[in-house]
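Chains as they are written, first to last, in our numbering: chain G, 3 to 143; chain Y, 6 to 308; chain A, 3 to 143. Glycine included, C-beta positions come from ideal geometry on N, C-alpha and C. Predicted model, so just to flag it, every value in this text is computed and none were measured.
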C-alpha cells in the first residue's frame, strides 16, 4: 500500500480536496480546526518529514501550506489550509509537536500577522528591532 | 659597542629581519607556484610591514600595558637568538658554555608573548586561540628537547654551540648516523609547530577563528608580531643546521642547506590540511615523543 | 605621507562583509584568489579579522537590520580604510529599491571609494576597478 493510500486511509473525512500536480507532487486541503491532529498523524504515524511552511495573502483569505517529504519514494505532500477571517487570522501552532516548526511560524507571524495559538516564543525573527508593531509587510494593501 | 652592532645590525635584528622577510616571501611564492598561480613580487613582505607601520593603532578599552608590551617581548628575544646563532657560526670559538640552554629558553618566549597578548586583549576568540597555543607549546617542547639531548650526547656531553660545530667539522655531521637522522626528523616536525606554519597553525586559524590570537592587534603591534614570525622562520632552520648539519658551514653551503630545509617546510605546509588541536596533541605525545626517545636510546648506545 | 600611501596601494588586505547578499558577488570575489585571476601578485590578501583590514568589500543590499552592524564594522577597521561596493545591490539596491526592508543605499551610510557594477560583476571588472582605485589614490597623494 503506497503512501497516498495510507494517507487517505488515516485521514478519511478530514481531507476536503485532493490534487495530484504530478506523479510525486500532491496537494490536499484540510479544515483549520483539524490541523493539529492531521499533522500529528502525518509525522508520528505515517513518518513523513516536515520540510517547511509557506503563507500567502489571497483574495479568498490567508492560505497556509505545510510541506512534507516522503524520502523513501521521493514524494512531496503539501497540506493546504485556508483562513477566511482576514481581520483576526489565527490557527493552532504545531510547534509543540516538533521544534523545527518554531522559527517558520515566527516568520509567518511577523510577515503576515497570523496568530499561532500555543506557540512558545512568538516574537520577531527577521525584521529589525525598531520595526513598528502591527505592520505586517507581506499583506496586500 | 661591538655587541650593540651585533645585536642591532648583523647578525641580529636588521639582518635577520631582512632574511626572515625574504624567507616569508619565498614561502608565499613557492606556495603560489605549487597552486599554479604567479605569487607576489619579491618586495611584498617588506611593503606589508611598511604599510602596517603607517596604519592607525587601535587599543581595546580594557587592555592594559601587557597588550602593548607583549609584541616587543617576542621580537627582542628572537633577535637575541638570531645574534647568538649568527655569532656562533661566524666564530665558533667565542661561544660561551651553556649558550645552547640560553637559546632554548629564549625560543620559548615568542609563544609566551603571543599567549600574553591574546589573553590581554579580552576577546573570547583570542582566548580560544591562546588556549590552543598553550596546548601546542606543551605538546612540542618535550620531543624538541629530547632531540637536542640526542645531539648533546652525540657531541660528547657539551652544551656549547661552538663545540658542537667543531665536533661536527672534525667527525662528520650528526645527521649521518641513525640517532641523528631520527632526531633531525623529530626536530623538523617540532619547529613547524614552533613557527606556527604548516599543519600546526591552529592558533592563528584564519577562517575559523578570525585570526585567533591576533584578532585585536592592528598597526605597529601587528607588524611586530609578523616580524617575530619572520625572524623565527629564519632562526629555527639555522638552529637545526648548527645542530645536525654542521660539517660544512661556508656561506654557500649554509645557504643551500637553509633553502633545502625551507623548501621541505613549504612543501609540507602546502600538502597537509590544518590539524585540530586534539590531533596535534595526540600526534606530539604519541609517535613523535616515541621517536625522540628511540633517538636518545640509540645515541646512548653509540650509534 | 607619500611613502605610507604608496605602501598602502601596493599591499591591500581585504575584509569581506556581506550585508545580506544572495552570495553571487561573494563567489565572484572568491574567484579573484583562484589561479585564473590571481590577485595575490598585486599584494591583495584576504584576512580574517577586521582590525587587520585595509579595504572593506561590501556586497548585498543593506537592509534595516544590518545598518547598525555595518557602521560598527566600519568603525572597527583601522584608518586609512577604503570601502568598495561590489555588485549592483550594494551600489543602488538594484531590484530591491522598492522593498519594505531596504530603504537607503550603501553610500548614504558609509563613504564609498569604489563602485563595481554588475550582477554579479566579472572578476575582470573587479580587478579593473581596483586598478582605477590605486591610480586615484596615487594621484591624490
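With 16 other Cβ atoms within 10 Å as the buried cut-off, status of residue 70/A: Counted from its first residue, the third chain places residue 70/A at position 68. With fewer than 16 other Cβ atoms within 10 Å, it is exposed.
Residue span of the beta strand (DSSP E) that contains residue 122/Y, given as start and end: Residue mapping note: residue 122/Y aligns to position 117 of the second chain, counting from 1. It is not in any beta strand (DSSP E) - residue 122/Y instead sits in the alpha helix (DSSP H) that spans 104–125.
DSSP state of residue 92/G mapped onto helix, strand, coil: Your numbering for residue 92/G matches position 90 in the first chain. Here DSSP, grouped into helix, strand and coil, assigns residue 92/G to strand.
Cβ-Cβ distance between residue 52/A and residue 31/A below 8 Å: Numbered from its first residue, the third chain carries residue 52/A at position 50. Numbered from its first residue, the third chain carries residue 31/A at position 29. Contact: no.
The segment 30–58 of chain A: positions lying closer than 7 Å to chain Y by Cβ: With the criterion set as a beta carbon lying under 7 Å from some beta carbon of chain Y, the members of the segment 30–58 of chain A are 37, 40, 42, 43, 45, 49, 50, 51, 53, 54, in sequence order.
Inter-residue CB distance, residue 55/A and residue 83/A (contact presumed, cutoff 8 Å): What you label residue 55/A is simply residue 53 of the third chain in a count that begins at 1. What you label residue 83/A is simply residue 81 of the third chain in a count that begins at 1. Going by Cβ atoms, the distance from residue 55/A to residue 83/A rounds to 6 Å, so yes, they are a contact pair.
Beta-carbon contacts of residue 96/G that lie in its chain and below 6 Å, excluding the five residues immediately before and after: Residue mapping note: residue 96/G aligns to position 94 of the first chain, counting from 1. Taking residue 96/G as the centre and dropping the five residues before and after it, the same chain places the C-beta of 41, 103 closer than 6 Å to its C-beta, in chain order.
Under the three-state DSSP convention, the category residue 260/Y falls into: Your numbering for residue 260/Y matches position 255 in the second chain. It is helical.
Assigned secondary structure, residue 23/A (DSSP; H/G/I helix, E/B strand, else coil): Indexing the third chain from 1 puts residue 23/A at position 21. Assigned with DSSP and collapsed to three states, residue 23/A falls in coil, not helix or strand.
Assigned exposure category for residue 77/Y - 16 Cβ within 10 Å defines buried: The residue given as residue 77/Y occupies position 72 in the second chain. Here residue 77/Y is exposed. Its C-beta has fewer than 16 other C-beta atoms within 10 Å.
Residues bridged to residue 56/A [DSSP beta-bridge criterion]: Your numbering for residue 56/A matches position 54 in the third chain. Under DSSP, residue 56/A takes part in no beta bridge, so it has no partner.
Residue 41/Y: first and last residue of the uninterrupted beta strand (DSSP E) it sits in: Counting from 1 along the second chain, the entry for residue 41/Y is found at position 36. Where residue 41/Y is concerned, there is no enclosing beta strand (DSSP E), given that its DSSP letter is neither H nor E.
Contacting positions in the segment 60–85 of chain A - beta carbon closer than 9 Å to chain Y: Cβ contacts with chain Y: 78, 79, 80, 81, 82, 83.
Contact with chain G by residue 117/A, beta-carbon distance below 8 Å: Start at 1 with the first residue of the third chain, and residue 117/A comes out as number 115. At least 8 Å separates the CB of residue 117/A from every CB of chain G.
Within 9 Å of chain A by C-beta, residues of the segment 213–229 of chain Y in sequence order: So the close ones are 213, 214, 215, 216, 217, 219, 220, 221, 222, 223, 224, 227.
Enclosing alpha helix (DSSP H) for residue 140/G [first to last residue]: For the purposes of this step, residue 140/G is taken as residue 138 along the first chain, with counting starting at 1. Per DSSP, residue 140/G is not a residue of any alpha helix (DSSP H), being assigned neither H nor E.
Cβ of residue 9/A within 8 Å of any chain Y Cβ: Counting from one through the third chain, the residue named residue 9/A turns up at place 7. It does: the Cβ of residue 9/A has a partner Cβ on chain Y nearer than 8 Å.
Same chain, Cβ closer than 7 Å to residue 164/Y, neighbours up to 5 away in sequence not counted: The residue labelled residue 164/Y in the question sits at position 159 within the second chain. So the list reads 102, 103, 105, 106, 157, once near-sequence residues are dropped.
Residue 132/A versus residue 43/A: straight-line alpha-carbon distance, rounded: Residue numbering aside, residue 132/A sits at position 130 when the third chain is read from its first letter. Residue numbering aside, residue 43/A sits at position 41 when the third chain is read from its first letter. Taken atom to atom, the span from the alpha-carbon of residue 132/A to that of residue 43/A is near 13 Å.
Residue 28/G (DSSP reduced to helix, strand or coil): Here residue 28/G refers to the residue found at position 26 of the first chain. DSSP places residue 28/G within a strand segment (E or B) once states are collapsed to three.
Cβ contact check for the segment 286–294 of chain Y and the segment 262–273 of chain Y: 3 or more pairs under 8 Å: With a cut-off of 8 Å, the segment 262–273 of chain Y and the segment 286–294 of chain Y do not count as touching, because too few Cβ pairs lie within range.
Helix, strand or coil at residue 227/Y according to DSSP, with G and I counted as helix: The residue you call residue 227/Y lines up with position 222 of the second chain. Shown here, residue 227/Y sits in a helix according to DSSP, grouped into three states.
Any C-beta of chain A under 8 Å from that of residue 59/Y: As a position in the second chain, residue 59/Y is number 54, starting the count at 1. At least one chain A Cβ lies under 8 Å of residue 59/Y.
Residue 267/Y versus residue 114/Y - alpha carbon distance: Here residue 267/Y refers to the residue found at position 262 when the second chain is read from its first residue. Here residue 114/Y refers to the residue found at position 109 when the second chain is read from its first residue. Residue 267/Y and residue 114/Y have their alpha carbons spaced roughly 22 Å apart.
Per-residue contacts from residue 302/Y into chain A (C-beta, under 8 Å): Position 297 of the second chain, counted from the start, is the residue given in the question as residue 302/Y. Ordered by position in chain A, no residue passes the 8 Å Cβ test against residue 302/Y, which lies about 43 Å from the chain.
Chain A contact for residue 134/G (CB, 8 Å cutoff): For the purposes of this step, residue 134/G is taken as residue 132 along the first chain, with counting starting at 1. Not one chain A Cβ lies under 8 Å of residue 134/G.
Residue 64/Y to residue 79/A span [Cα, whole Å]: Numbered from 1 along the second chain, position 59 holds the residue referred to as residue 64/Y. Numbered from 1 along the third chain, position 77 holds the residue referred to as residue 79/A. Pairing residue 64/Y with residue 79/A, the inter-Cα distance amounts to about 12 Å.
Status (buried if at least 16 other CB within 10 Å, exposed otherwise) for residue 95/Y: Here residue 95/Y is taken as the residue at index 90 of the second chain, counted from 1. Counting Cβ neighbours within 10 Å, residue 95/Y comes out exposed, since fewer than 16 surround it.
Buried versus exposed, by CB contacts within 10 Å (16 or more), residue 179/Y: Within the second chain, residue 179/Y is the residue found at index 174, counting from 1. Flag for residue 179/Y reads buried.
Close beta carbons around residue 188/G, own chain, < 6 Å, minus the five adjacent residues each side: Lying outside 3 to 143, the shown extent of chain G, residue 188/G is not represented and no answer is given.
Below-8 Å beta-carbon distance, residue 53/Y vs any chain A residue: The sequence position of residue 53/Y within the second chain is 48, counting from 1. Taking Cβ atoms only, chain A reaches closer than 8 Å to residue 53/Y, which makes this a yes.
Alpha helix (DSSP H) runs contained entirely in the segment 42–102 of chain Y, provided each spans 4 or more residues: Taken in chain order, the whole alpha helix (DSSP H) runs of length 4 or more contained in the segment 42–102 of chain Y are 49–58, 70–95.
Three-state secondary structure assigned by DSSP to residue 73/G: Numbered from 1 along the first chain, position 71 holds the residue referred to as residue 73/G. Here DSSP, grouped into helix, strand and coil, assigns residue 73/G to coil.
Reference residue 11/G; option with closest CA among 142/G, 28/G, 38/G, 48/G: By one-based count along the first chain, residue 11/G stands at place 9. If we check each option's Cα against that of residue 11/G, 48/G comes out closest.
Run of the beta strand (DSSP E) containing residue 58/G, from where it starts to where it stops: Counting from one through the first chain, the residue named residue 58/G turns up at place 56. Residues 51–60.
Through-space distance from residue 88/A to residue 89/Y, alpha-carbon basis: Walking along the second chain from the start, residue 89/Y turns up at place 84. Walking along the third chain from the start, residue 88/A turns up at place 86. Roughly 51 Å between the two C-alpha positions.
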